[in-house]
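Chains as they are written, first to last, in the numbering used here: chain A, 1 to 114; chain B, 115 to 456; chain C, 457 to 809.
All C-beta atoms in this analysis are idealised placements derived from N, C-alpha and C, irrespective of residue type, glycine included.
Just below is one structure, and these are the notes that go with it.
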């Protein structure tokens with residue numbers, strides 16, 4: 001191949017059609033309150049981890065729903081599961097459980113269970 | 115002495131104010147450009163927030179306008195307008211001249227013409243429809259694509275013609291968000307297998323029980339909400355509609371394919387209202403709706419004594435607000451007839 | 457797709473295009489990219505359509521590349537443009553005909569700026585006077601060269617030797633029309649058909665027998681973007697833009713692409729080679745690329761001009777698949793034979809003064 005000195009950039013568009021939303025489906029099934037998030041960001045504001053790392057539970061919620069699973073997987077483990085976010089949520093979403101279920105879902109998907 | 119009031123427009127506001135006036139013995143002429151009264155209500159299926167059938171409101175309005183001798187003039191438009199002191203004379207398209215002691219303008223709104231948002235392809239791509247088209251489908255009980263098949267994925271674009279400098283409308287039409295939520299629920303009811311996506315800039319759920327309906331849409335009906343303004347729609351080779359939107363909450367552009375796209379057309383000053391404004395000297399605001407004499411305590415008053423406003427000819431309103439506004443207009447007219455008119 | 461809807465929009469966006477007596481300003485880069493195009497344009501205008509198209513040797517770049525590359529400040533750009541107008545005025549012409557889309561966009565933008573801010577125009581006039589002693593009148597008509605070919609598309613069709621039709625199947629060729637961004641995106645009302653459903657190239661394709669493809673990424677930029685391309689490290693973004701378009705148009709099986717911008721045909725052509733080198737991907741049929749043309753080249757082909765005189769050997773994505781489909785008579789062995797000299801009589805002396 002010719003040496004061009006550059007490579008073709010990867011798009012950063014979310015391609016909804018080609019994304020897989022089985023992680024989201026698993027959470028919807030086991031924690032229906034996940035549907036209620038309206039992305040206010042209260043969880044991230046109070047989050048200990050968010051204040052020291054790039055972790056954002058609000059963003060995580062949306063990325064799971066869009067099927068951007070690689071990004072979710074890499075940030076998920078930053079959560080310390082303290083549960084403070086659950087205290088704040090104005091829609092009564094069981095936020096802590098979403099993290100727990102997301103971890104479960106990834107494990108199940110690795111084991112081809114979902 | 116009997117007084118005569120002309121009400122221009124036979125939609126919700128016009129019917130309400132005509133009904134109230136006739137009830138207390140005022141002689142009322144109700145002018146309607148269409149062949150029947152009811153206005154936009156005739157095209158609606160169920161109403162937010164409680165999703166009652168729109169016919170119930172029509173029945174109420176028919177009830178209050180029956181039996182009190184309202185002079186109903188359908189298929190009628192106003193061609194000439196004159197004012198001498200505090201008397202008004204109107205000549206209709208039929209050449210009839212009416213003399214009145216007061217006028218209530220209830221010319222309502224027109225739905226934004228969605229084809230003006232060229233990028234959404236209304237009138238160009240099959241299966242791009244408006245909220246009004248969808249209501250018609252609901253009334254027929256048949257939600258189908260142009261090829262007769264049932265849509266599996268449906269997108270709803272909020273703010274079509276509202277909050278949009280490009281079409282000259284800075285204002286929020288206020289009702290489209292809740293209409294979108296209502297229609298999203300109804301789509302899921304009619305088509306349980308379908309996926310529904312709402313693309314919104316802000317969810318403006320300001321009315322009573324609107325937020326609750328929004329919550330229901332998420333919780334019970336699994337409607338997907340994506341925060342971002344759709345920039346364009348186009349057609350794929352499979353005749354699906356590809357939309358581009360920024361998922362602003364993910365901070366990433368997003369594209370997806372849909373079977374059907376519903377445009378939440380906003381509200382604009384009606385063409386009929388503009389005609390009345392043109393011949394009467396009634397003032398309009400920057401938003402092109404009729405300008406009320408005072409935004410707080412004179413929303414029914416105009417810049418001309420003896421001419422009053424009722425309903426959405428002054429601003430976007432829902433039916434509850436329109437009926438309240440029409441009743442307030444009734445109070446203002448009575449005050450004028452009793453004490454104001456010289 | 458509902459054609460009536462598109463036609464309604466096309467009717468909404470029509471513009472006045474001068475009939476004759478044009479002052480032609482060339483593009484900086486087109487003569488390097490596809491040198492046959494402007495020559496073919498002049499030949500068509502002068503010899504086929506018998507129009508008066510005037511060029512002046514003292515006209516310069518409009519500085520569009522420098523302006524969009526953040527190198528030339530806008531006031532300098534305006535003064536240079538004012539000088540072009542002055543030379544046009546001195547030559548006794550008032551219909552400006554730019555070859556370049558970015559020039560067209562820039563002239564439109566400047567005229568619009570002066571319309572809204574007359575004090576800026578006054579300042580530019582003073583600057584030009586001080587620097588060169590010249591005065592100018594603003595053009596009475598400003599049309600891009602593709603607008604003019606659009607205007608005369610029927611005349612060209614009436615003289616055509618070939619149609620954009622597959623001679624074996626009798627089917628119209630499937631053509632992707634790609635419009636330069638600066639044609640109508642900045643000023644939709646200045647483009648035929650507007651910005652969302654441009655008709656300028658589609659009208660030519662239709663008239664000459666082809667079918668236009670409406671594919672999802674048709675509005676997307678080719679990725680040229682001046683500075684974005686000029687810096688080598690940024691070219692990955694540039695090529696990705698073209699790739700997005702190719703991926704989107706591929707299912708429609710296009711026979712060819714027609715463009716009206718200096719950069720687009722260059723990039724849509726060359727990037728097909730680059731993508732194939734990097735990823736082994738091709739977007740045309742039979743493991744070929746999708747041939748890319750300028751509208752002048754297409755007009756020339758339709759009129760029966762020799763492909764190599766049109767300079768089609770300068771394309772990196774081979775044009776032969778389209779030539780064969782149309783049934784154009786050409787000599788494969790002459791492709792790189794530089795002895796072939798364009799037989800354009802008048803336009804051989806490229807500048808007419």
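Report task. Would you kindly work out how many angstroms separate the C-alpha atoms of residue 441 of chain B and residue 130 of chain B, rounded to a whole number? Result -> The residue you call residue 441 of chain B lines up with position 327 of the second chain. The residue you call residue 130 of chain B lines up with position 16 of the second chain. Rounded to whole angstroms, residue 441 of chain B and residue 130 of chain B show a C-alpha spacing of 7 Å.
Requested in this report: Compare the C-beta of residue 660 of chain C with all C-beta atoms of chain A and state if any pair is closer than 8 Å.
Outcome: Position 204 of the third chain, counting from 1, holds the residue named residue 660 of chain C. Residue-level contact check: residue 660 of chain C does not touch chain A, since none of the beta carbons of chain A fall below 8 Å from its beta carbon.
Report task. Please confirm if the stretch 576-594 of chain C is in contact with the stretch 612-632 of chain C, defined as three or more CB-CB distances below 8 Å between the two stretches. Result -> no
Report task. Less than 8 Å between the CB atoms is what I'm expecting for residue 233 of chain B and residue 346 of chain B, so what's the real figure, rounded? Result -> On the second chain, residue 233 of chain B is found 119 positions in, with the first residue counted as 1. On the second chain, residue 346 of chain B is found 232 positions in, with the first residue counted as 1. So it is a contact: roughly 4 Å between Cβ atoms.
**Report entry** Cross-chain neighbours of residue 62 of chain A in chain B, by beta carbon under 8 Å
**Finding:** For the purposes of this step, residue 62 of chain A is taken as residue 62 along the first chain, with counting starting at 1. Within chain B, the residues near residue 62 of chain A are 361, 363 and 364.
Report task. Report yes or no: do three or more beta-carbon pairs, one from the stretch 442-454 of chain B and one from the stretch 512-522 of chain C, lie closer than 8 Å? Result -> no
Report task. Using a Cβ-Cβ cut-off of 8 Å, state whether residue 722 of chain C counts as contacting chain A. Result -> Residue 722 of chain C sits at position 266 when you count from the first residue of the third chain. It does not: the Cβ of residue 722 of chain C has no partner Cβ on chain A nearer than 8 Å.
Query raised in the report: At a Cβ threshold of 8 Å, is residue 302 of chain B touching chain A?
Result: The sequence position of residue 302 of chain B within the second chain is 188, counting from 1. So no, residue 302 of chain B is outside the interface.
Requested in this report: Determine the burial state of residue 743 of chain C: buried for a count of at least 16 other Cβ atoms within 10 Å of its Cβ, exposed for fewer.
Outcome: Numbered from 1 along the third chain, position 287 holds the residue referred to as residue 743 of chain C. Around the beta carbon of residue 743 of chain C, fewer than 16 other beta carbons lie within 10 angstroms, which makes this residue exposed.
Query - Residues near residue 661 of chain C in its chain [Cβ-Cβ closer than 7 Å; skip 5 each side] - result: The residue you call residue 661 of chain C lines up with position 205 of the third chain. Scanning its chain for C-beta atoms nearer than 7 Å, with the 5 sequence neighbours on each side dropped, one finds around residue 661 of chain C the residues 620, 631, 633, 668 and 714, in chain order.
**Report entry** Residue range of the alpha helix (DSSP H) that includes residue 584 of chain C
**Finding:** Position 128 of the third chain, counted from the start, is the residue given in the question as residue 584 of chain C. Counting along the chain, residue 584 of chain C sits inside the alpha helix (DSSP H) bounded by residues 574-588.
Query raised in the report: How many Å lie between residue 335 of chain B and residue 296 of chain B at the Cα?
Result: Stepping through the second chain from its first residue, residue 335 of chain B is reached at position 221. Stepping through the second chain from its first residue, residue 296 of chain B is reached at position 182. Each residue's Cα considered, the two are about 11 Å apart.
Query - Contact set for residue 534 of chain C: own chain, Cβ-Cβ below 6 Å, skip 5 residues either direction - result: Within the third chain, the letter at position 78 stands for residue 534 of chain C. Cβ neighbours of residue 534 of chain C beyond the five flanking positions: 566 and 580.
Query raised in the report: Closest by CA to residue 213 of chain B, which one among B/291, B/378 and B/194?
Result: Residue 213 of chain B sits at position 99 when you count from the first residue of the second chain. It is B/194 whose Cα lies nearest to the Cα of residue 213 of chain B.
Query raised in the report: From the beta carbon of residue 332 of chain B, is the nearest beta carbon of chain A less than 8 Å away?
Result: Here residue 332 of chain B refers to the residue found at position 218 of the second chain. At least one beta carbon of chain A lies nearer than 8 Å to the beta carbon of residue 332 of chain B.
Query raised in the report: Are the C-beta atoms of residue 731 of chain C and some chain A residue less than 8 Å apart?
Result: Along the third chain, one-based indexing puts residue 731 of chain C at 275. It does; some Cβ of chain A falls within 8 Å.
Query - Within chain A, the residues that residue 699 of chain C reaches when beta carbons sit closer than 8 Å - result: Taking the third chain and counting its residues from 1, the one referred to as residue 699 of chain C is at position 243. Correct list: 8.
Report task. Taking only the alpha-carbon atoms, compute the straight-line gap between residue 93 of chain A and residue 734 of chain C and give it to the nearest angstrom. Result -> Position 93 of the first chain, counted from the first residue, corresponds to residue 93 of chain A. Position 278 of the third chain, counted from the first residue, corresponds to residue 734 of chain C. Answer to the nearest angstrom: the Cα atoms are 47 Å apart.
Query - Through-space distance from residue 11 of chain A to residue 747 of chain C, alpha-carbon basis - result: One-based indexing of the third chain puts residue 747 of chain C at position 291. One-based indexing of the first chain puts residue 11 of chain A at position 11. Distance between the alpha carbons of residue 747 of chain C and residue 11 of chain A: 25 Å.
Report task. Ignoring anything shorter than 3 residues or poking outside the stretch 273-355 of chain B, list the beta strand (DSSP E) runs there in chain order. Result -> 309-314, 338-341 and 346-349
Query - Per DSSP, the bridge partner or partners of residue 367 of chain B - result: In the second chain, residue 367 of chain B corresponds to position 253, counting from 1. Answer is B/360.
Query - Helix, strand or coil at residue 115 of chain A according to DSSP, with G and I counted as helix - result: Outside the shown range of chain A, which is 1 to 114, sits residue 115 of chain A, and nothing can be said about it.
Report task. Could you tell me the distance, in whole angstroms, from the CA atom of residue 809 of chain C to the CA atom of residue 342 of chain B? Result -> Along the third chain, one-based indexing puts residue 809 of chain C at 353. Along the second chain, one-based indexing puts residue 342 of chain B at 228. Only weak support is given to the placement of residue 809 of chain C: the predicted model assigns it a pLDDT of 42, under 50, and the value that follows is read from those uncertain coordinates. The alpha-carbon atoms of residue 809 of chain C and residue 342 of chain B are separated by roughly 56 Å.
Query - Distance, residue 564 of chain C Cα to residue 571 of chain C Cα - result: What you label residue 571 of chain C is simply residue 115 of the third chain in a count that begins at 1. What you label residue 564 of chain C is simply residue 108 of the third chain in a count that begins at 1. Straight-line Cα distance between these residues: approximately 10 Å.
Query raised in the report: Run through DSSP, which three-state label would residue 437 of chain B get?
Result: Numbered from its first residue, the second chain carries residue 437 of chain B at position 323. DSSP places residue 437 of chain B in helix when its eight states are reduced to three.
Query raised in the report: Going straight from the alpha carbon of residue 301 of chain B to that of residue 290 of chain B, what length do you get?
Result: The count along the second chain starts at 1 and reaches residue 301 of chain B at position 187. The count along the second chain starts at 1 and reaches residue 290 of chain B at position 176. If you take the alpha carbons of residue 301 of chain B and residue 290 of chain B, they lie about 16 Å apart.
Query - Candidates A/13, A/36, A/81 and A/22, of which the one nearest residue 56 of chain A by Cα - result: Mapped onto the first chain, residue 56 of chain A falls at position 56. Among A/13, A/36, A/81 and A/22, the Cα nearest to that of residue 56 of chain A is on A/81.
Query - Range covered by the alpha helix (DSSP H) that runs through residue 106 of chain A - result: To locate residue 106 of chain A, count along the first chain from 1; it is residue 106. Note, residue 106 of chain A: alpha helix (DSSP H), 95-110.
Requested in this report: Just confirm the distance between the C-beta atoms of residue 47 of chain A and residue 103 of chain A, as a whole number of angstroms; I'd bet it's less than 8 Å.
Outcome: Residue numbering aside, residue 47 of chain A sits at position 47 when the first chain is read from its first letter. Residue numbering aside, residue 103 of chain A sits at position 103 when the first chain is read from its first letter. Contact doesn't hold; Cβ gap of about 17 Å is too wide.
Query raised in the report: Hey, how far is the Cα of residue 804 of chain C from the Cα of residue 351 of chain B?
Result: As a first step, residue 804 of chain C is located in the third chain; it is residue number 348 there, counting from the start. As a first step, residue 351 of chain B is located in the second chain; it is residue number 237 there, counting from the start. Unreliable positioning characterises residue 804 of chain C in this predicted model, as indicated by a pLDDT of 49, which lies under 50. A coordinate reading is not provided.
**Report entry** Through-space distance from residue 370 of chain B to residue 61 of chain A, alpha-carbon basis
**Finding:** Here residue 61 of chain A corresponds to residue number 61 of the first chain, with the count starting at 1. Here residue 370 of chain B corresponds to residue number 256 of the second chain, with the count starting at 1. Cα to Cα, the separation comes out at about 19 Å.
Query raised in the report: Is the number of C-beta pairs between the stretch 719-729 of chain C and the stretch 673-690 of chain C that are closer than 8 Å three or more?
Result: yes
Query raised in the report: Can you find a CB in chain A that lies within less than 8 Å of the CB of residue 803 of chain C?
Result: Working through the third chain from its first residue, we reach residue 803 of chain C at position 347. Annotation note: pLDDT 48 at residue 803 of chain C (below 50); position unreliable, coordinate value reported separately. By this cut-off, residue 803 of chain C is not an interface position.
Requested in this report: List the endpoints of the continuous beta strand (DSSP E) containing residue 554 of chain C.
Outcome: Numbered from its first residue, the third chain carries residue 554 of chain C at position 98. Start and end: 551-554.
Query raised in the report: Is DSSP giving residue 607 of chain C helix, strand or coil here?
Result: The count along the third chain starts at 1 and reaches residue 607 of chain C at position 151. If DSSP states are grouped into helix, strand and coil, residue 607 of chain C belongs with the helices.
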